[in-house]
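The sequence shown begins at 2 in our numbering and counts up by one.
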Amino acid sequence: MTRIPRKLEETADGPLHSGRVLSGTGGVWQVRNDRGEIRGASLRGRLKLVSDSGVKLSVGDNVKLIEGERGDGWMITEIDPRSTQLARREPGGRAGERVVVANLDQVVVVFAAANPEPHPRMLDRFLVIAEANSLASRIVINKSELAPEQATHARFADYEAAGYPVHFTSVVNGMGLDQLHVAFDGKTSALSGPSGVGKSSLMNVLYPGLNLRVGEISESVNKGRHTTVGAVMHPLPGGGYVADTPGLREVGVWGLKPVDLPDCFPEFRPFIHACRFGNCSHLSEPGCAVIAAVAAGSVSTARYDSYSRLRIELAETEKRWSKRTL
Ligand SMILES: Nc1nc2c(ncn2[C@@H]2O[C@H](COP(=O)(O)OP(=O)(O)OP(=O)(O)O)[C@@H](O)[C@H]2O)c(=O)[nH]1
Ligand SMILES: [Mg+2]
Ligand SMILES: [Zn+2]
């Protein structure tokens with residue numbers, strides 16, 4: 002197979018430009034080029050062969066483009082190597098990896114202080130998924146005006162202690178919006194969190210003109226066809242992108258081995274190599290430094306509880322899958 006030269010500005014096919022894939026799940030993709038133009042693009046024939054054998058094009062990919070033959074769109078001639086990727090297991094529990102967004106700088110997990118009530122166990126799952134994909138996370142607690150400030154801060158103190166930046170915001174009174182704006186600018190962020198917490202409202206108030214739909218039950222509209230609903234990247238006026246990732250609520254901790262879970266809890270890291278047994282699961286072993294840290298109050302009981310639940314879940318999943326391949 003002939004390689005397409007990466008550095009050339011001009012090829013036999015015409016001018017080569019760079020772009021970023023904004024949306025699409027196969028077939029036609031929406032791509033934004035380095036001049037800010039957005040058009041439909043399809044994979045060039047020989048890239049399709051490559052994608053059949055492994056690397057699939059994903060939202061967030063950086064690509065090289067040429068004019069399509071009929072002049073009505075672009076052809077994607079090359080997919081640049083990815084710096085990061087957020088992957089999830091196939092819906093329905095089937096084994097297999099699916100890249101949700103490529104080249105992310107951070108995951109921004111949004112919950113509400115109230116209405117709907119935040120579920121810390123769900124937040125922990127989102128954070129583990131980000132950690133397992135080696136992505137930095139940022140937590141946003143929106144609708145802050147609906148709950149007493151001190152109580153809300155106390156509720157999320159575990160996360161600040163673990164080293165996660167936590168933003169307390171309100172679309173209603175403007176609290177925390179300036180700092181959040183700075184956190185998004187110039188970066189590629191994946192926005193996730195439960196329905197109704199105000200993700201779209203936040204983006205609309207931070208970036209007027211994005212016009213994301215607010216208050217619609219976006220998830221239920223897509224119910225039953227989650228497999229075809231992919232992430233959509235929105236270019237931000239000041240540079241950077243934000244990716245809406247519907248269906249991320251169903252994100253599984255696919256491919257994560259139980260032994261890799263402790264490292265996905267940043268506040269465990271100082272302790273995980275200090276246990277008596279090298280293969281300590283930190284669930285019940287004598288001489289476990291993590292359990293000791295929980296008892297001493299250096300690691301939060303709630304976070305440890307999330308860890309032990311997830312660890313057991315992952316061990317069960319692993320067992321089921323290994324049985325299936327026998
Ligand atoms: N009180 C209060 N309400 C808010 C705030 N932000 C958003 N809302 C309201 O919360 C509701 C849900 O907001 P959305 O922005 O649609 O929520 P979402 O997270 O995008 O929801 P999905 O798209 O379903 O995932 C709307 O009625 C908003 O007006 C806030 O800071 N305070
Ligand atoms: Mg929304
Ligand atoms: Zn241990």
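For each residue, glycine too, the CB sits at the ideal point set by N, CA and C.
Bear in mind the structure is a predicted one, so any value in this text is a computation, not a measurement.
Among residues of its own chain, excluding the 5 on either side of residue i, which ones have a beta-carbon nearer than 6 Å to its beta-carbon?
{"i": "R310", "result": "none"}
{"i": "G268", "result": "Reading off the sequence, residue 268 comes out as Glu, not Gly. Answer for E268: A163, V300, listed in chain order."}
{"i": "Q86", "result": "V100, A103"}
{"i": "R277", "result": "G288"}
{"i": "F266", "result": "Y308"}
{"i": "E286", "result": "F278"}
{"i": "P209", "result": "none"}
{"i": "A133", "result": "L257, C265"}
{"i": "W30", "result": "V22, A42"}
{"i": "P119", "result": "F112"}
{"i": "G94", "result": "Reliability of the predicted coordinates at G94 is poor, the pLDDT of 49 falling under 50, and the value obtained from them is presented with this limitation in mind. Excluding sequence neighbours, G94 sits near nothing in its chain."}
{"i": "M123", "result": "none"}
{"i": "L213", "result": "S201, M204, N205"}
{"i": "G187", "result": "G240, G241"}
Between the beta-carbon of residue i and the beta-carbon of residue j, is there less than 8 Å?
{"i": "V64", "j": "G231", "result": "no"}
{"i": "A88", "j": "V109", "result": "no"}
{"i": "V233", "j": "S24", "result": "yes"}
{"i": "V243", "j": "L178", "result": "no"}
{"i": "K200", "j": "V111", "result": "yes"}
{"i": "L58", "j": "I39", "result": "no"}
{"i": "G20", "j": "R33", "result": "yes"}
{"i": "V173", "j": "L203", "result": "no"}
{"i": "T170", "j": "D106", "result": "no"}
{"i": "D62", "j": "V22", "result": "yes"}
{"i": "G72", "j": "S43", "result": "no"}
{"i": "F272", "j": "A297", "result": "no"}
{"i": "G198", "j": "N205", "result": "For the sequence presented, residue 198 should be read as Val rather than Gly. Taking 8 Å as the Cβ cut-off, V198 and N205 do not qualify as a contacting pair."}
{"i": "L211", "j": "L262", "result": "no"}
Going by beta carbon distance, what residues of the same chain come within less than 7 Å of residue i, once the five residues before and after it are set aside?
{"i": "T318", "result": "none"}
{"i": "L284", "result": "S309, R312"}
{"i": "L147", "result": "A114, A115, N116"}
{"i": "L335", "result": "Within the shown structure, residues of the chain are numbered from 2 to 327, placing residue 335 beyond reach of any answer."}
{"i": "Y160", "result": "I140, V167"}
{"i": "V295", "result": "T302, Y305"}
{"i": "Q151", "result": "none"}
{"i": "R45", "result": "M76, I77, T78"}
{"i": "G194", "result": "V110, V111, F112, K200"}
{"i": "A275", "result": "A290"}
{"i": "T153", "result": "A114, I142, S145, F169"}
{"i": "P121", "result": "A303"}
{"i": "R270", "result": "D264"}
{"i": "S135", "result": "T85"}
{"i": "C281", "result": "C289"}
Return the chain-ordered list of same chain residues with a C-beta closer than 8 Å to the C-beta of residue i, the five sequence neighbours on each side being excluded.
{"i": "H168", "result": "R139, I140, V141, I142, G177, Q180, L181, A184"}
{"i": "S221", "result": "Summary for S221: the model assigns pLDDT 42, below 50, so the residue's position carries little reliability, and this model does not support an answer."}
{"i": "D70", "result": "At residue 70 the sequence reads Glu, which differs from the Asp that was named. The answer, listed in chain order, is M76."}
{"i": "A293", "result": "F272"}
{"i": "D35", "result": "H18, S19, G20"}
{"i": "I218", "result": "Bear in mind that a pLDDT of 48 at I218, under 50, signals an unreliable position, so the model cannot answer this."}
Give a single yes or no on whether residue i has its beta carbon closer than 7 Å to a heavy atom of ligand 5.
{"i": "K144", "result": "Ligand 5 is not part of this structure, which contains only ligand 1, ligand 2 and ligand 3."}
Report the start-end ranges of each beta strand (DSSP E) in the region 280-317 that is 3 residues or longer and not cut off at the edges. Counting only runs of 3 or more residues that sit fully inside the region 280-317, no beta strand (DSSP E) segment turns up.
Do the region 258-265 and the region 232-240 touch if we need at least three Cβ pairs shorter than 8 Å? no
Can you give, in chain order, each stretch of the alpha helix (DSSP H) that sits fully within the region 155-214 and has at least 4 residues? 158-162, 178-185, 200-207
Any residue with its Cβ nearer than 6 Å to a heavy atom of ligand 3 should be included. What is that list in chain order? C276, C281, H283, E286, C289, A290, V291
Entirely enclosed alpha helix (DSSP H) segments - the region 105-140, minimum 4 residues: Those alpha helix (DSSP H) runs which fall completely within the region 105-140 and span 4+ residues are 121-133.
What runs of the alpha helix (DSSP H), each 4 residues or longer, lie entirely inside the region 15-73? 46-53
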